[in-house]
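In the numbering used here, the protein residues as written are 200 to 457. Beta carbons are placed, not taken as given, at the ideal position from N, Cα and C, and that holds for glycine. This one's a predicted model, so the numbers in the text were calculated from it and none came from an experiment.
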(Lines of atoms letter the chains of each structure in order from A and count residues from 1; the text may use other names and numbers.)
(Lines give C-alpha, C1' and ligand atoms only; values in the text may rest on other atoms or scores of the structure.)
Protein backbone atom coordinates (compact mmCIF):
# COMPACT_ATOMS: atom_id res chain seq x y z
CA UNK A 1 0.00 0.00 0.00
CA UNK A 2 1.52 3.28 -1.12
CA UNK A 3 0.23 6.49 0.41
CA UNK A 4 0.26 9.75 -1.53
CA UNK A 5 -0.35 12.95 0.43
CA UNK A 6 -1.29 15.84 -1.76
CA UNK A 7 -2.51 19.31 -2.56
CA UNK A 8 -5.51 19.05 -4.83
CA UNK A 9 -5.40 20.77 -8.19
CA UNK A 10 -6.35 20.27 -11.80
CA UNK A 11 -5.90 22.25 -14.98
CA UNK A 12 -9.05 23.17 -16.92
CA UNK A 13 -9.63 21.53 -20.27
CA UNK A 14 -12.63 22.48 -22.46
CA UNK A 15 -14.49 19.19 -22.63
CA UNK A 16 -17.13 17.09 -20.89
CA UNK A 17 -17.08 16.07 -17.22
CA UNK A 18 -14.87 18.99 -16.22
CA UNK A 19 -11.78 17.31 -17.59
CA UNK A 20 -8.43 18.16 -16.09
CA UNK A 21 -4.74 17.38 -16.25
CA UNK A 22 -3.02 15.78 -13.31
CA UNK A 23 0.65 15.28 -12.52
CA UNK A 24 1.71 13.00 -9.69
CA UNK A 25 5.07 13.27 -7.95
CA UNK A 26 6.00 10.88 -5.18
CA UNK A 27 9.01 10.14 -3.02
CA UNK A 28 9.86 6.97 -1.18
CA UNK A 29 11.15 3.44 -1.38
CA UNK A 30 10.25 0.83 -3.99
CA UNK A 31 6.89 -0.83 -3.30
CA UNK A 32 8.01 -4.12 -4.74
CA UNK A 33 8.37 -5.75 -8.13
CA UNK A 34 4.95 -7.41 -7.92
CA UNK A 35 3.12 -4.06 -8.11
CA UNK A 36 2.00 -2.51 -11.37
CA UNK A 37 2.45 0.94 -9.81
CA UNK A 38 5.28 1.87 -7.50
CA UNK A 39 7.23 4.90 -6.35
CA UNK A 40 10.96 5.43 -6.32
CA UNK A 41 12.94 8.61 -5.84
CA UNK A 42 10.84 11.45 -7.21
CA UNK A 43 8.70 9.50 -9.65
CA UNK A 44 5.73 7.16 -9.94
CA UNK A 45 6.47 4.07 -12.00
CA UNK A 46 4.05 2.08 -14.12
CA UNK A 47 5.32 -1.30 -15.24
CA UNK A 48 8.86 -0.23 -14.46
CA UNK A 49 8.78 3.11 -16.27
CA UNK A 50 8.70 6.55 -14.68
CA UNK A 51 5.36 8.03 -15.71
CA UNK A 52 3.72 11.44 -15.77
CA UNK A 53 -0.04 10.95 -15.58
CA UNK A 54 -2.53 13.03 -17.54
CA UNK A 55 -5.97 12.69 -16.01
CA UNK A 56 -9.59 13.74 -16.10
CA UNK A 57 -12.50 14.02 -13.70
CA UNK A 58 -15.24 11.60 -14.72
CA UNK A 59 -18.75 10.87 -13.47
CA UNK A 60 -19.34 7.49 -15.06
CA UNK A 61 -21.50 6.30 -12.19
CA UNK A 62 -24.22 8.41 -13.86
CA UNK A 63 -23.48 6.99 -17.31
CA UNK A 64 -20.54 5.24 -18.97
CA UNK A 65 -18.17 7.74 -20.55
CA UNK A 66 -16.18 7.52 -23.74
CA UNK A 67 -12.99 6.13 -22.26
CA UNK A 68 -11.66 5.28 -25.72
CA UNK A 69 -11.74 9.02 -26.54
CA UNK A 70 -9.94 9.82 -23.29
CA UNK A 71 -7.11 7.51 -24.24
CA UNK A 72 -6.87 7.94 -28.01
CA UNK A 73 -7.97 11.55 -28.38
CA UNK A 74 -6.75 13.06 -25.13
CA UNK A 75 -3.94 10.68 -24.20
CA UNK A 76 -5.25 10.30 -20.66
CA UNK A 77 -3.74 7.67 -18.37
CA UNK A 78 -5.64 8.33 -15.13
CA UNK A 79 -9.24 9.19 -14.27
CA UNK A 80 -10.69 10.47 -11.02
CA UNK A 81 -14.07 8.85 -10.54
CA UNK A 82 -16.65 10.84 -8.59
CA UNK A 83 -18.57 8.86 -5.95
CA UNK A 84 -21.34 11.15 -4.72
CA UNK A 85 -23.31 8.62 -2.67
CA UNK A 86 -20.85 6.60 -0.62
CA UNK A 87 -23.62 5.02 1.44
CA UNK A 88 -25.70 3.75 -1.47
CA UNK A 89 -23.34 3.49 -4.44
CA UNK A 90 -23.79 0.10 -6.17
CA UNK A 91 -20.54 -1.80 -6.39
CA UNK A 92 -21.11 -5.09 -8.20
CA UNK A 93 -24.76 -6.01 -8.64
CA UNK A 94 -24.11 -8.97 -10.92
CA UNK A 95 -25.95 -7.62 -13.97
CA UNK A 96 -24.08 -4.35 -14.57
CA UNK A 97 -27.17 -2.20 -15.06
CA UNK A 98 -27.83 1.06 -13.23
CA UNK A 99 -29.89 1.05 -10.04
CA UNK A 100 -32.05 3.83 -8.66
CA UNK A 101 -30.54 4.98 -5.36
CA UNK A 102 -31.93 7.95 -3.41
CA UNK A 103 -33.55 9.29 -6.56
CA UNK A 104 -30.53 8.92 -8.88
CA UNK A 105 -29.67 6.16 -11.34
CA UNK A 106 -26.17 4.90 -10.51
CA UNK A 107 -24.06 2.44 -12.47
CA UNK A 108 -22.06 -0.13 -10.44
CA UNK A 109 -18.46 0.79 -9.77
CA UNK A 110 -17.20 -2.63 -10.84
CA UNK A 111 -18.50 -1.94 -14.35
CA UNK A 112 -16.90 1.53 -14.40
CA UNK A 113 -13.54 0.19 -13.20
CA UNK A 114 -13.60 -2.64 -15.73
CA UNK A 115 -14.22 -0.17 -18.54
CA UNK A 116 -11.36 2.03 -17.43
CA UNK A 117 -9.06 -0.94 -17.04
CA UNK A 118 -9.90 -2.23 -20.51
CA UNK A 119 -8.53 1.02 -21.93
CA UNK A 120 -5.41 1.06 -19.76
CA UNK A 121 -6.66 3.77 -17.40
CA UNK A 122 -5.90 3.82 -13.68
CA UNK A 123 -8.79 5.06 -11.52
CA UNK A 124 -8.77 7.24 -8.40
CA UNK A 125 -11.95 6.52 -6.46
CA UNK A 126 -12.79 9.91 -4.96
CA UNK A 127 -15.41 9.79 -2.22
CA UNK A 128 -17.37 13.08 -2.17
CA UNK A 129 -20.69 12.77 -0.32
CA UNK A 130 -22.13 10.41 2.25
CA UNK A 131 -25.64 9.97 0.81
CA UNK A 132 -25.81 12.25 -2.21
CA UNK A 133 -27.76 15.04 -0.50
CA UNK A 134 -26.74 18.61 0.27
CA UNK A 135 -25.10 18.88 3.65
CA UNK A 136 -23.39 15.50 3.42
CA UNK A 137 -20.54 16.72 1.24
CA UNK A 138 -17.14 15.75 2.62
CA UNK A 139 -15.41 18.98 1.64
CA UNK A 140 -14.66 21.64 4.26
CA UNK A 141 -15.46 19.21 7.08
CA UNK A 142 -13.42 17.54 9.80
CA UNK A 143 -14.01 13.82 9.17
CA UNK A 144 -14.46 12.68 12.79
CA UNK A 145 -16.96 15.46 13.47
CA UNK A 146 -19.43 14.37 10.81
CA UNK A 147 -22.51 12.44 12.03
CA UNK A 148 -21.88 9.65 9.51
CA UNK A 149 -18.22 9.14 10.43
CA UNK A 150 -18.58 5.70 12.02
CA UNK A 151 -20.83 4.49 9.23
CA UNK A 152 -18.40 5.87 6.66
CA UNK A 153 -15.46 4.04 8.23
CA UNK A 154 -17.45 0.81 8.12
CA UNK A 155 -18.38 1.33 4.48
CA UNK A 156 -14.79 2.26 3.60
CA UNK A 157 -13.40 -0.90 5.22
CA UNK A 158 -16.07 -3.36 4.10
CA UNK A 159 -16.86 -2.10 0.60
CA UNK A 160 -14.25 0.20 -0.92
CA UNK A 161 -11.09 -1.47 0.36
CA UNK A 162 -12.18 -4.91 -0.96
CA UNK A 163 -13.08 -3.24 -4.26
CA UNK A 164 -9.54 -1.89 -4.59
CA UNK A 165 -7.72 -4.89 -3.17
CA UNK A 166 -5.72 -6.89 -5.74
CA UNK A 167 -6.42 -4.20 -8.35
CA UNK A 168 -3.29 -2.00 -8.45
CA UNK A 169 -4.91 0.30 -11.02
CA UNK A 170 -7.56 1.35 -8.46
CA UNK A 171 -6.30 4.16 -6.21
CA UNK A 172 -8.38 4.98 -3.15
CA UNK A 173 -8.79 8.55 -1.87
CA UNK A 174 -9.78 8.42 1.80
CA UNK A 175 -11.61 11.80 1.95
CA UNK A 176 -12.40 14.70 -0.34
CA UNK A 177 -11.04 18.13 0.61
CA UNK A 178 -11.06 18.06 4.43
CA UNK A 179 -11.12 21.17 6.67
CA UNK A 180 -12.37 24.64 5.79
CA UNK A 181 -10.63 26.43 2.93
CA UNK A 182 -10.34 29.70 4.89
CA UNK A 183 -9.32 28.05 8.17
CA UNK A 184 -12.56 28.95 9.94
CA UNK A 185 -12.43 25.62 11.76
CA UNK A 186 -9.02 26.55 13.27
CA UNK A 187 -7.65 23.18 12.19
CA UNK A 188 -3.94 22.61 12.73
CA UNK A 189 -1.37 20.29 11.25
CA UNK A 190 -1.82 18.07 14.30
CA UNK A 191 -5.54 17.82 13.54
CA UNK A 192 -4.77 16.85 9.97
CA UNK A 193 -2.26 14.22 11.08
CA UNK A 194 -4.72 12.70 13.54
CA UNK A 195 -7.66 12.65 11.14
CA UNK A 196 -5.79 11.29 8.14
CA UNK A 197 -3.92 8.70 10.17
CA UNK A 198 -7.26 7.45 11.53
CA UNK A 199 -8.65 7.02 8.01
CA UNK A 200 -5.53 5.28 6.74
CA UNK A 201 -5.71 2.99 9.78
CA UNK A 202 -9.25 2.03 8.75
CA UNK A 203 -7.90 1.05 5.34
CA UNK A 204 -4.99 -0.89 6.81
CA UNK A 205 -7.10 -2.80 9.34
CA UNK A 206 -9.93 -3.67 6.93
CA UNK A 207 -11.25 -7.25 7.02
CA UNK A 208 -9.15 -9.40 4.74
CA UNK A 209 -6.09 -7.23 5.17
CA UNK A 210 -4.92 -3.94 3.63
CA UNK A 211 -4.75 -3.38 -0.14
CA UNK A 212 -0.98 -3.76 -0.27
CA UNK A 213 -0.65 -3.20 -4.01
CA UNK A 214 -2.71 -0.03 -4.17
CA UNK A 215 -1.98 3.68 -4.01
CA UNK A 216 -3.85 5.44 -1.20
CA UNK A 217 -4.42 9.17 -1.73
CA UNK A 218 -4.40 11.35 1.38
CA UNK A 219 -5.57 14.98 0.89
CA UNK A 220 -4.10 17.97 2.65
CA UNK A 221 -5.89 20.70 4.62
CA UNK A 222 -7.95 23.70 3.57
CA UNK A 223 -10.08 21.76 1.07
CA UNK A 224 -6.89 20.64 -0.66
CA UNK A 225 -5.31 24.10 -0.85
CA UNK A 226 -3.17 24.22 2.29
CA UNK A 227 0.01 22.19 2.10
CA UNK A 228 1.41 23.60 5.36
CA UNK A 229 0.48 20.36 7.13
CA UNK A 230 3.01 18.55 4.93
CA UNK A 231 5.70 21.02 5.91
CA UNK A 232 4.96 20.78 9.65
CA UNK A 233 3.81 17.17 10.04
CA UNK A 234 4.67 15.32 6.82
CA UNK A 235 7.95 13.99 8.13
CA UNK A 236 6.28 12.76 11.30
CA UNK A 237 3.74 10.89 9.21
CA UNK A 238 6.41 9.33 7.03
CA UNK A 239 8.29 8.15 10.12
CA UNK A 240 5.19 6.32 11.36
CA UNK A 241 4.34 4.89 7.94
CA UNK A 242 7.27 3.34 6.09
CA UNK A 243 5.33 3.34 2.82
CA UNK A 244 4.10 6.91 2.96
CA UNK A 245 4.77 9.11 -0.03
CA UNK A 246 4.95 12.88 -0.09
CA UNK A 247 2.78 14.28 -2.84
CA UNK A 248 2.07 17.84 -3.91
CA UNK A 249 0.02 19.20 -6.81
CA UNK A 250 -0.09 22.78 -8.01
CA UNK A 251 -3.16 24.91 -8.67
CA UNK A 252 -4.08 26.10 -12.14
CA UNK A 253 -6.89 28.59 -12.81
CA UNK A 254 -9.11 29.42 -9.88
CA UNK A 255 -12.03 28.00 -7.97
CA UNK A 256 -11.75 24.49 -9.37
CA UNK A 257 -11.23 21.80 -6.78
CA UNK A 258 -10.55 18.15 -7.28
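Asked                                                                                                                           : Found
Rounded straight-line distance, which links the Cα of residue 298 to that of residue 362                                        : 18 Å
Under the three-state DSSP convention, the category residue 383 falls into                                                      : coil
Span of the beta strand (DSSP E), counted from its first residue to its last, around residue 299                                : 298-300
Neighbourhood of residue 335 by C-beta, 6 Å cutoff - its chain only, sequence neighbours within 5 removed                       : 328 and 329
Where residue 286 falls: helix, strand or coil (DSSP)                                                                           : coil
Given residue 311 as reference, the closest of 351, 280, 417 and 356 once Cα atoms are compared                                 : 280
Cβ shell of residue 474 (< 8 Å), same chain only, five flanking positions each side left out                                    : Absent from the structure is residue 474, since the part of the chain shown begins at 200 and ends at 457.
Residue range of the unbroken beta strand (DSSP E) whose run includes residue 323                                               : 321-326
Candidates 320, 408 and 385: closest to residue 265 by CA position                                                              : 320
Residues near residue 428 in its chain [Cβ-Cβ closer than 6 Å; skip 5 each side]                                                : 388, 391, 419 and 420
DSSP three-state assignment for residue 336, whether helix, strand or coil                                                      : strand
Distance between residue 260 and residue 292 (C-alpha atoms, nearest Å)                                                         : 13 Å
C-beta atoms of residue 276 and residue 252 nearer than 7 Å                                                                     : yes
Cut-off 8 Å between Cβ atoms - residues of its own chain near residue 422, not counting five sequence neighbours on either side : 207, 338, 339, 376, 377, 378, 379, 380 and 456
Buried/exposed call for residue 237, threshold 16 Cβ in 10 Å                                                                    : buried
For residue 425 and residue 431, the rounded distance between their alpha carbons                                               : 11 Å
Alpha-carbon to alpha-carbon, residue 316 and residue 278                                                                       : 11 Å
Residue 262 CB to nearest heavy atom of the ligand SAM below 6 Å                                                                : This structure lacks the ligand SAM, and indeed carries no ligand of any kind.
Residue 246 burial status per 10 Å Cβ neighbour count (16 or more: buried)                                                      : exposed
Cutoff 7 Å; reference residue 368; Cβ partners in own chain excluding five residues on either side                              : 235, 316, 321 and 322
Helix, strand or coil at residue 419 [DSSP, three-state]                                                                        : coil
With 16 other Cβ atoms within 10 Å as the buried cut-off, status of residue 254                                                 : buried
Rounded separation between residue 305 and residue 257 - CA only                                                                : 13 Å
Distance CB(residue 290)-CB(residue 309) smaller than 7 Å                                                                       : yes
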